[in-house]
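Peer 1:
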Amino acid sequence: MHKSGGFTLIELMVTMAVMAVVVMMAAPSFNNMLIKQNMNKSARDLIATFTEAKAKAVLERRIVTVKLKTKCAPEDQPDCWQPSDKAVLKNVALNTVEFRPNGLVNSAADMTFEICNQASGNTSKKVTITRMGTIQLVAEGSCT
Numbered sequence: 203m204h205k206s207g208g209f210t211l212i213e214l215m216v217t218m219a220v221m222a223v224v225v226m227m228a229a230p231s232f233n234n235m236l237i238k239q240n241m242n243k244s245a246r247d248l249i250a251t252f253t254e255a256k257a258k259a260v261l262e263r264r265i266v267t268v269k270l271k272t273k274c275a276p277e278d279q280p281d282c283w284q285p286s287d288k289a290v291l292k293n294v295a296l297n298t299v300e301f302r303p304n305g306l307v308n309s310a311a312d313m314t315f316e317i318c319n320q321a322s323g324n325t326s327k328k329v330t331i332t333r334m335g336t337i338q339l340v341a342e343g344s345c346t
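Position 6, counted from 1, in the sequence shown is what the working numbering calls 208; the numbers after and before it change by one each time, with no gaps.
#1: From Thr267 to Asn234, what does the alpha carbon distance come to, in whole angstroms?
#2: In terms of alpha-carbon separation, which member of Lys328, Ser309 and Asp312 lies closest to Cys318?
#3: Find the nearest neighbour of Lys256 within the set Val307, Ala245, Ala341 and Glu342, judged by alpha-carbon distance.
#4: By DSSP's criteria, Ser326 is part of a beta bridge. Which residues make up the other side?
#5: Candidates Arg333, Ser326, Gln338 and Glu213: which alpha carbon is nearest Lys288's?
#6: For Leu270, name the three-state secondary structure that DSSP assigns.
#7: Taking all protein chains shown into account, do 16 or more other C-beta atoms lie within 10 angstroms of the C-beta of Glu316, making it buried, or fewer, making it exposed?
#8: Mind checking Asn223: buried by the 16 CB within 10 Å criterion, or exposed?
#9: With 16 as the cutoff for other CB atoms within 10 Å, does Phe232 come out buried or exposed?
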C-alpha cells in the first residue's frame with residue numbers, strides 16, 4: 203500500500219483552531235498599535251503644520267494664522283489642521299495660533315495642545331509651542 207503525503211481533515215481543523223487562538227491573542231495589541239499610530243500621525247501633522255506656518259511667516263514677513271478645526275475646507279489649506287481618524291483636540295478653546303514675521307508666537311504664554319483618542323480616551327500626545335516659537339512633541343499621556 204502507498205501512504206498518502208497530505209493532511210487529514212482532523213489535522214487541518216486542529217491547525218485552524220490553534221491559528222484562531224493566536225489571532226485572538228494578537229488582536230488587542232494590534233488595536234492598541236493602530237491607536238498609537240493614529241495619535242503619532244496626528245501629532246506629526248500638527249507639528250508639520252505649525253512648522254510650515256512659522257517658516258511662511260518668516261519668509262513672507264507677515265503674520266500667518268493656523269486654524270485648528272475638526273474639518274478643514276479646501277480654501278483653508280495649507281494653514282489649517284484637522285485631527286486624523288478618531289483623534290480629537292482636547293483644548294478646543296484655543297483654535298488659532300498666530301506666527302509673527304520674526305518667527306515668534308503671538309501669545310503671552312506657552313501653548314500646549316493635547317491630542318486625544320475619541321475611542322479609548324486613555325492615550326494622548328502633547329505638542330507645545332513656546333513664546334519663542336519652538337515647536338516640540340512634549341509627552342505621551344492619558345486624556346481624562
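Just so you know, even glycine gets a beta-carbon here, dropped at the ideal spot from N, CA and C.
Peer 2: According to the structure data:
#1: Here residue 267 refers to the residue found at position 65 of the sequence shown. Here residue 234 refers to the residue found at position 32 of the sequence shown. Cα to Cα, the separation comes out at about 34 Å.
#2: Here the question's residue 318 lines up with position 116 in the sequence shown. For Cys318, the nearest C-alpha among the options comes from Lys328.
#3: On the sequence shown, position 54 is the one that residue 256 refers to. Checking every option, the nearest Cα to that of Lys256 belongs to Val307.
#4: If you number the sequence shown from 1, residue 326 lands on position 124. In DSSP, Ser326 forms a bridge with Cys318 and Gly343.
#5: If you number the sequence shown from 1, residue 288 lands on position 86. For the residues Arg333, Ser326, Gln338 and Glu213, the minimum Cα distance to Lys288 belongs to Ser326.
#6: The sequence position of residue 270 within the sequence shown is 68, counting from 1. DSSP places Leu270 in strand when its eight states are reduced to three.
#7: Against the sequence shown, residue 316 aligns to sequence position 114. By the neighbour-count rule (16 or more Cβ atoms within 10 Å), Glu316 is buried.
#8: Counted from its first residue, the sequence shown places residue 223 at position 21. A small fix is needed here, since residue 223 is Val in this sequence, not Asn. Under this definition Val223 is an exposed residue.
#9: Looking up residue 232 in the sequence shown gives position 30. So Phe232 ends up on the exposed side.
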